[in-house]
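Protein sequence lines, in the order shown, are assigned to chains A and B. The working numbering applies: residue 37 is where the first sequence begins, and numbers increase by one. The working numbering applies: residue 37 is where the second sequence begins, and numbers increase by one. Note that beta-carbon positions come from the ideal geometry of N, C-alpha and C, so glycine has one too. These notes concern the structure reproduced below.
Protein chains: 2
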Amino acid sequence: MASRIKADYPWTVSPLIVNAPMAGFAGGKLAGSVSRAGGLGLIGSDMDMNRLASELEIASKIIHDSPNLVKASQDTLPVGVGILAFITDIEKALPVVQKYRPRAVWLFAARQLSDYKTWAERVREVTGGKTKIWIQIGSVVKALEVLKLCKPDVLIAQGIDAGGHGFERGAGVISLVPEMRDAMDANGFQDVCLVASGGIADGRGVAAAWALGADGIVMGTRFLAAEETLIHPTYRDAILQGKDGGQFTVRHKVFDNLKGPTIWPDGYDGRAIVSKTYRDMEEGVSIEEIRRRVKESEAATGKDYGVEGRTAVWAGAGVGLVNEVQKAGDILEEVRAKSMDVLRGAKSLL
Amino acid sequence: MASRIKADYPWTVSPLIVNAPMAGFAGGKLAGSVSRAGGLGLIGSDMDMNRLASELEIASKIIHDSPNLVKASQDTLPVGVGILAFITDIEKALPVVQKYRPRAVWLFAARQLSDYKTWAERVREVTGGKTKIWIQIGSVVKALEVLKLCKPDVLIAQGIDAGGHGFERGAGVISLVPEMRDAMDANGFQDVCLVASGGIADGRGVAAAWALGADGIVMGTRFLAAEETLIHPTYRDAILQGKDGGQFTVRHKVFDNLKGPTIWPDGYDGRAIVSKTYRDMEEGVSIEEIRRRVKESEAATGKDYGVEGRTAVWAGAGVGLVNEVQKAGDILEEVRAKSMDVLRGAKSLL
Numbered sequence: 037m038a039s040r041i042k043a044d045y046p047w048t049v050s051p052l053i054v055n056a057p058m059a060g061f062a063g064g065k066l067a068g069s070v071s072r073a074g075g076l077g078l079i080g081s082d083m084d085m086n087r088l089a090s091e092l093e094i095a096s097k098i099i100h101d102s103p104n105l106v107k108a109s110q111d112t113l114p115v116g117v118g119i120l121a122f123i124t125d126i127e128k129a130l131p132v133v134q135k136y137r138p139r140a141v142w143l144f145a146a147r148q149l150s151d152y153k154t155w156a157e158r159v160r161e162v163t164g165g166k167t168k169i170w171i172q173i174g175s176v177v178k179a180l181e182v183l184k185l186c187k188p189d190v191l192i193a194q195g196i197d198a199g200g201h202g203f204e205r206g207a208g209v210i211s212l213v214p215e216m217r218d219a220m221d222a223n224g225f226q227d228v229c230l231v232a233s234g235g236i237a238d239g240r241g242v243a244a245a246w247a248l249g250a251d252g253i254v255m256g257t258r259f260l261a262a263e264e265t266l267i268h269p270t271y272r273d274a275i276l277q278g279k280d281g282g283q284f285t286v287r288h289k290v291f292d293n294l295k296g297p298t299i300w301p302d303g304y305d306g307r308a309i310v311s312k313t314y315r316d317m318e319e320g321v322s323i324e325e326i327r328r329r330v331k332e333s334e335a336a337t338g339k340d341y342g343v344e345g346r347t348a349v350w351a352g353a354g355v356g357l358v359n360e361v362q363k364a365g366d367i368l369e370e371v372r373a374k375s376m377d378v379l380r381g382a383k384s385l386l
Numbered sequence: 037m038a039s040r041i042k043a044d045y046p047w048t049v050s051p052l053i054v055n056a057p058m059a060g061f062a063g064g065k066l067a068g069s070v071s072r073a074g075g076l077g078l079i080g081s082d083m084d085m086n087r088l089a090s091e092l093e094i095a096s097k098i099i100h101d102s103p104n105l106v107k108a109s110q111d112t113l114p115v116g117v118g119i120l121a122f123i124t125d126i127e128k129a130l131p132v133v134q135k136y137r138p139r140a141v142w143l144f145a146a147r148q149l150s151d152y153k154t155w156a157e158r159v160r161e162v163t164g165g166k167t168k169i170w171i172q173i174g175s176v177v178k179a180l181e182v183l184k185l186c187k188p189d190v191l192i193a194q195g196i197d198a199g200g201h202g203f204e205r206g207a208g209v210i211s212l213v214p215e216m217r218d219a220m221d222a223n224g225f226q227d228v229c230l231v232a233s234g235g236i237a238d239g240r241g242v243a244a245a246w247a248l249g250a251d252g253i254v255m256g257t258r259f260l261a262a263e264e265t266l267i268h269p270t271y272r273d274a275i276l277q278g279k280d281g282g283q284f285t286v287r288h289k290v291f292d293n294l295k296g297p298t299i300w301p302d303g304y305d306g307r308a309i310v311s312k313t314y315r316d317m318e319e320g321v322s323i324e325e326i327r328r329r330v331k332e333s334e335a336a337t338g339k340d341y342g343v344e345g346r347t348a349v350w351a352g353a354g355v356g357l358v359n360e361v362q363k364a365g366d367i368l369e370e371v372r373a374k375s376m377d378v379l380r381g382a383k384s385l386l
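This is the structure in structure tokens:
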């Protein structure tokens, strides 16, 4: 499968590292920088196609500063674009995809699985199959359904340690990745790549995901501390201060309900830091009162990030492993080197 | 750290594999068989000291059939004993520990962390330090507190994919193990072993846990399918049928409330299969009515295990990887061989 990764993303260095397409955070600068450093950079989902196009322009400029990358990109833009299928107008998005030909479109949160089929077919149509279809999934049964519907090029197995939005019920990558790989292999999908996401924040996690059978790995929270990420300084401070990730963060639907009823489909929630808002909810404060408090504190402070704040701060359970601001390229280099060190150490066991 | 494992459990083969001390399931036959096959076998917690002693007798007989194991056991019984600290009377347990000198006492679910100190001191006292202290923990902050209180020989980092009882809030081993190891190293506890637990069910998981920095791994659900485990046939059938582990199982407090109010301290819940009882709860059925239904169906059927049953069936998110009944020794051999295969394959990356 390493050969398929190398064929489809020929500029990448093994093991494949991808930044999560974090909406509002992962812009063209991060995506371009990640791809330039031998990963696959992703631009986060955006409903506003002008903004999405302008982030693609930014990525394109970074890519074009690197002739080798352009050469290796096989007539595509060697970054990917995240699409939140339930709120993205396909008719508006397709012309942007057609124009920029990102190497990957990463689909997530369709209202129904059949929507992935529509997206996959139409994206393939407008880019002559040059744009690879990535689909994010959290269940083995649904993975098989999606594979049968539209055979994506890559499945992203998202475990419950992931920050931001994900599946309300699920497993960590330790169980999810091997079971999904087995099910794919047993059902004739040996040639579909599997990428692990959720809770991975350093080279040890990358080596572990590889051992579990993943062809690549996604990091989100780690890239919140990348210099190139679009992020408010106090949001980033909250990430850097986070320790004991499974206690510091929690999955809950309340974080999507702070401005009014959630717009997300059923079955999704999100992992964010345990904030004043979360503690209010635990203490039984009504959602109306929570919303009032969020509004009040945001009126006073703009955004109110942090453990003592009320605005949602999305972060994964790996947040305790994220301790410094670094260039995206340095993150990739450090994580790759560490993962290789770990695997080299296996010799002592063999 | 491999050297400390080898020194303390000299009969074991690397990587160290341990069966979870599943109360009511892991008896002397399983524990003895696991140790005889080069792992560390554990007997599950039991409040009844006569029953615990009789399981220790069973383990002892298996051990004494193996002269090499006896020789390597350094004047202890080379198995461990699980202790649920919140319900076990230390005065009754200590004479049993003193008599059998198990190589390890695995402590879990103390009402307060200081109880671990009492247990650690008194167990060490009655066995002259021959019995190693293992403590199961799910948070980095609490791990450090426990280390400072009584410096156990081993910490078990239990991730949220684990079946049965565990911590209501936490992370998967993918995040928990590396962060805990870093915190231990940074605080002067480099010489304490760290064992990973939760969601690991095959050689890929073992290799992954090793990459994350674990000195050994625990499997629970996989051993529910061991021939030597004490388990009802329909319970085992439910385990073997489980697929898509993150959907088939769920963590919830309801499973501890089926006979009456839970006896567990705050902060704990358990992962079990999504049963009729769980679906009743999701549909808003009151706990009184849930209890009535459980009682009724158990009166009719003895125990009512399975997806269509009402009795709690504890299982981890790795349940989808557990597909056949095997001898414990065969499980160890297969899992170890696979983990070595995986790590050997790393050469292709390096």
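- Judged by DSSP in its simplified three-state form, Phe-291/B adopts helix.
- Cα atoms of His-100/B and Glu-93/B: separation of roughly 10 Å, rounded to the nearest angstrom.
- Rounded to the nearest whole angstrom, the C-alpha separation of Ser-384/A and Arg-307/B is 35 Å.
- Assigned with DSSP and collapsed to three states, Asn-55/A falls in strand.
- For Pro-301/A, no chain B residue has a C-beta closer than 8 Å to its own C-beta; the minimum C-beta separation is roughly 17 Å.
- Closer than 7 Å to the CB of Pro-214/B there is at least one CB belonging to chain A.
- Taking a contact as a CB-CB distance under 8 Å, the pair Ala-243/A and Val-378/A counts as one, their CB atoms being some 4 Å apart.
- The beta-carbon distance between Ala-198/B and Ser-233/B, rounded to whole angstroms, is 6 Å. This is short enough to meet the 8 Å contact definition.
- When Gly-165/A, Thr-154/A, Met-216/A and Glu-360/A are compared, the shortest CA-CA separation from Asp-44/A is found for Gly-165/A.
- Residue burial annotation: Leu-386/B is exposed, with fewer than 16 other C-beta atoms found within 10 angstroms of its C-beta.
- Per DSSP, Pro-301/A lies in no alpha helix (DSSP H) and is assigned neither H nor E.
- The C-alpha of Asp-218/B lies about 47 Å from the C-alpha of Arg-158/A.
- Annotation: the continuous beta strand (DSSP E) that includes Gly-252/B extends over 252-255.
- Assignment of beta-bridge partners to Lys-168/B by DSSP yields Ala-140/B.
- The three-state secondary structure of Gly-306/B, taken from DSSP, is strand.
- Per DSSP, the unbroken beta strand (DSSP E) holding Ile-119/B starts and ends at 113-120.
- For the stretch 363-379 of chain B, the set of residues with a beta-carbon nearer than 9 Å to any beta-carbon of chain A comprises Ser-375, Met-376, Val-378 and Leu-379, in chain order.
- Note on the stretch 215-239 of chain B: whole beta strand (DSSP E) runs with a minimum of 3 residues are 229-233, in chain order.
- For Gly-174/B, the C-beta contacts it makes with chain A under 8 Å involve Gly-282, in order along the chain.
- The C-beta separation of Lys-135/B from Glu-263/B comes to about 28 Å, leaving the pair out of contact by the 8 Å criterion.
- One thing to note: Ser-71/B has its Cβ no nearer than 7 Å to the Cβ of Gly-80/B.
- By alpha-carbon distance to Arg-346/B, the top candidate from Val-286/B, Asp-238/B, Val-330/B and Thr-337/B is Val-330/B.
- Taking a Cβ-Cβ cut-off of 9 Å, the neighbours of Gly-354/B in chain A comprise Ala-207, Ile-210, Ser-211, Pro-214 and Glu-215, given in sequence order.
- Within 7 Å of the CB of Pro-51/B, the CB atoms of chain A belong to Leu-385, in sequence order along the chain.
- Chain A has no Cβ within less than 7 Å of the Cβ of Gly-75/B.
- Per DSSP, reduced to three states, the secondary structure at Gly-281/B is helical.
- Secondary structure of Gln-134/B (DSSP, three-state): helix.
- Straight across, the Cα-Cα distance linking Val-254/B with Pro-57/B is about 9 Å.
- Per DSSP, Leu-78/B is one residue of the beta strand (DSSP E) stretching across 77-79.
- Sequence-distant Cβ neighbours of Val-190/B in its own chain, meaning closer than 6 Å and more than five residues away, are Trp-170, Cys-229 and Val-231.
- Contact between the stretch 277-286 of chain B and the stretch 204-217 of chain A is present, with at least three C-beta pairs closer than 8 Å.
- Using a Cβ-Cβ cut-off of 7 Å, Arg-240/A counts as an interface residue toward chain B, since at least one Cβ of chain B sits closer than that to its own.
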